[in-house]
Amino acid sequence: MNAIIVFILRIALILFAYLFTGWMGFIIYSDLRRFLTGVNKHPIPPITLISIINQEEKVNAFEKPEVVIGRDPACDYRLDDTTISLRHCKLTFHHKQWWIEDLGSTNGTLLNQAPILNPAVLTNGDELSIGRVMTSIQID
20 MNAIIVFILR IALILFAYLF TGWMGFIIYS DLRRFLTGVN KHPIPPITLI
70 SIINQEEKVN AFEKPEVVIG RDPACDYRLD DTTISLRHCK LTFHHKQWWI
120 EDLGSTNGTL LNQAPILNPA VLTNGDELSI GRVMTSIQID
């Protein structure tokens with residue numbers, strides 16, 4: 020009688036081990052599938068930059084995770100002003116927020132009239148001073 024109970028317990032242990040392994044395989048497969056199809060990605064809210072240069076309004080909206088602002092033609096948001104560095108500052112979207120970081124520009128970047136020394140969070144309606152150019156931020 021004792022041998023039969025031990026045998027049944029061994030069979031049950033093996034079945035639970037297979038069930039556990041199968042369940043873990045299913046969880047890993049589901050996570051990989053979700054990751055590869057992009058279901059877990061957080062949508063990037065569009066950020067609109069409105070600048071006034073030489074009495075002309077420049078408006079651009081971006082939905083990508085990084086926007087580089089500067090005088091360089093390769094920049095995403097090009098501002099043609101001599102007080103702006105080639106790569107002046109960059110906006111990045113991470114941790115579900117838009118952030119701004121100065122890229123070591125000569126004249127610095129001001130966020131709501133305060134110098135940016137470390138990356139800072141942007142909110143809707145913020146004002147940037149990039150060289151002599153004032154830029155308004157709109158986050159949708």
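Numbering of the sequence shown is given in the numbering used here, commencing with residue 20 and proceeding in unit increments. Every residue, glycine too, gets a C-beta built ideally from N, C-alpha and C.
Secondary structure note for L147: its beta strand (DSSP E) is the uninterrupted segment E146 to I149. Unbroken beta strand (DSSP E) stretches of 3 residues or longer found wholly inside the region 28–111: 66–72, 75–81 and 85–89, given in chain order. For the set E120, P92 and C94, the Cα lying nearest the Cα of I135 is the one of E120.
Linking I47 to T56 through their CA atoms gives a straight-line distance of about 14 Å. DSSP places I24 in the helix class (H, G or I) of the three-state scheme. Going by DSSP, T154 is part of the beta strand (DSSP E) stretching over V152 to I158. Taking a C-beta distance under 7 Å as the contact criterion, D145 and P65 do not qualify as a contact pair.
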